[in-house]
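Protein chains in written order, with my numbering: chain A, 1 to 245; chain B, 1 to 245. One structure is given here, and the rest of the page talks about it.
Number of protein chains: 2
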Amino acid sequence: MNETLRLLRAHRSIRKFTSETVTDAQVSEIVRCGQAAATSSNIQAVTVIRVRDAAKRERLAEFAGNQAHVASAGAFLVICADLNRARLACEGQGGTFCEGMTEHFILATVDAALLAQNCVVAAESMGLGACYIGGLRNNPQAVSDLLALPRQVYPVFGLCLGHPDQNPAVKPRLPLAAVLGEDVYPGAGQAEAIAAYDEEMRAYYRERSGGAKDSTWSLEMKALVGREARPHMRGFLADRGFTMM
Amino acid sequence: MNETLRLLRAHRSIRKFTSETVTDAQVSEIVRCGQAAATSSNIQAVTVIRVRDAAKRERLAEFAGNQAHVASAGAFLVICADLNRARLACEGQGGTFCEGMTEHFILATVDAALLAQNCVVAAESMGLGACYIGGLRNNPQAVSDLLALPRQVYPVFGLCLGHPDQNPAVKPRLPLAAVLGEDVYPGAGQAEAIAAYDEEMRAYYRERSGGAKDSTWSLEMKALVGREARPHMRGFLADRGFTMM
């Protein structure tokens, strides 16, 4: 197993950081590594905002559901899916931007995620810790206003980066056999794999919480997908021009 | 610059492979590294299908727009956004799956992209080459039928993996200043950055094509976003249960 594989496998979210700074040079390198990821037809439909302003950081921490590390991390990036730049370029050549395509929305969202994951890997290779902040989607309009995002841009998630001040365990993942199929969707055996994983996660939660948390993956999924999630997203996206035609 | 940073920066798509095999052990490791990426609330809303069957590989190559490397690469993975497994788990606990949320669609699409990007980094660290195949979204229903994907699952893209039989140059990316803003969206200077990048890409295209291709990034964007793109996606996704409420 080479060093990069070891690094990838060792990932866990870090939410507690020391006060050591993350330098501009590090952020530049991290984002350049992000840019190096593949991008559909070279569209590069991503813009990253590094938020330094302390007042903005506090507000973003609130928007994300009072996640203090959003304010305290050495660096905080907001990763935005961005079709605005391609629109500018298109119109600059006398074209008419075809707004609202579902495909373009998928493309930009995927581009943002590919870039972000490379950022995480780059940061972790430098010894930094990272944590995605999907919580920004709790209040995406407020985030967009705070960062002056134009239409055709939406904040997909944030990224906390910093020197770790904790060393949590790596969370177990689903069995490979449940996630990797051969020629067809691995439908057979899903129930058994989920049951086995439920027990693995029960033990993980118990240990991580010192006995306080008694749950399983299935129970967490019941909570997560058994109810509405961020029902404002559709309307928010439509207002930004992502009408999903 | 550490080895991982060098690796990330060196990425370019590989579409020509030798006949050397990609082993099962390599694919397992690659997908485990994929699984190690962050996943929203541990939902792990991704399923990967490794397609070995030669006839299926040929059909997928056609579906993707006659991309021969889909059939010829040492390994071909179809990366699927998957809410079906979470649904199973939820219903197994007596819950009712809340179908069609836009947020869940975003979440699963992002999870798939994060996993895939880790797969690419892992593969490249092994000396393999990789290429994303967004072209599967040209015919997503046909792909879904071929792989027996249930509802609440959609193929985001494919991934060709193999031993490289070419050594293309790394494609230049947008200037960092256009992509990375400080506290606000970097609106000022976008036009200049695009203009500078246009000239850089003109030179890149000319060199790569031996003088045959005269284009710029803006002209490519006019072609890409100045017209409809995969207008079938909305209807396809709705049929799969991704109604985007």
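Using N, Cα and C, we set each Cβ at its ideal position, and we do this for glycine too.
Contact between A:R85 and B:L180 does not hold, since their C-beta atoms are separated by about 13 Å, which reaches or exceeds 8 Å. Counting along the chain, B:Y197 sits inside no beta strand (DSSP E); it lies in the alpha helix (DSSP H) bounded by residues 190-208. Of B:R234, B:P231, B:K222, B:G235, the smallest CA-CA separation from A:C90 is found for B:K222. When the Cα atoms are used, B:I106 and A:Q117 turn out to be separated by approximately 16 Å.
The alpha-carbon separation between A:G65 and A:N138 amounts to approximately 7 Å. DSSP places A:D82 within a strand segment (E or B) once states are collapsed to three. At least 9 Å separates the CB of A:P168 from every CB of chain B. Non-local C-beta neighbours of B:H69 in its own chain, meaning closer than 6 Å and more than five positions away in sequence, comprise R15, C160, ordered along the chain. In the structure shown, B:P140 falls within a helical segment according to DSSP collapsed to helix, strand and coil.
Only residues of its own chain outside the window of five on either side were considered, and among them V48 have a CB closer than 6 Å to the CB of B:V31, listed in chain order. Judged by DSSP in its simplified three-state form, A:A36 adopts coil rather than helix or strand. Residue-level contact check: B:Q117 touches chain A, since one or more beta carbons of chain A fall below 9 Å from its beta carbon.
Here the alpha carbons of B:T109 and A:R234 stand approximately 15 Å from one another.
With a contact defined as Cβ atoms closer than 8 Å, B:F97 and B:I133 miss out at about 30 Å.
For the pair A:D24 and B:D239, the Cα-to-Cα distance works out to about 46 Å. Per DSSP, the unbroken beta strand (DSSP E) holding B:T47 starts and ends at 46-50. In the structure shown, the three-state DSSP call for A:G134 is helix. For chain A, the residues of the region 164-189 of chain B that bring a beta carbon within less than 8 Å of one of its beta carbons are V170, K171, R173, L174, L176, A178, V179, L180, G181, E182, D183, V184, Y185, P186, G187, in chain order.
Three or more Cβ pairs drawn from the region 141-153 of chain B and the region 183-195 of chain A lie within less than 8 Å of each other, which places the two stretches in contact.
The C-beta of A:T23 comes no closer than 9 Å to any C-beta of chain B.
Under the 9 Å criterion on CB atoms, A:V48 is classed as interfacial with respect to chain B.
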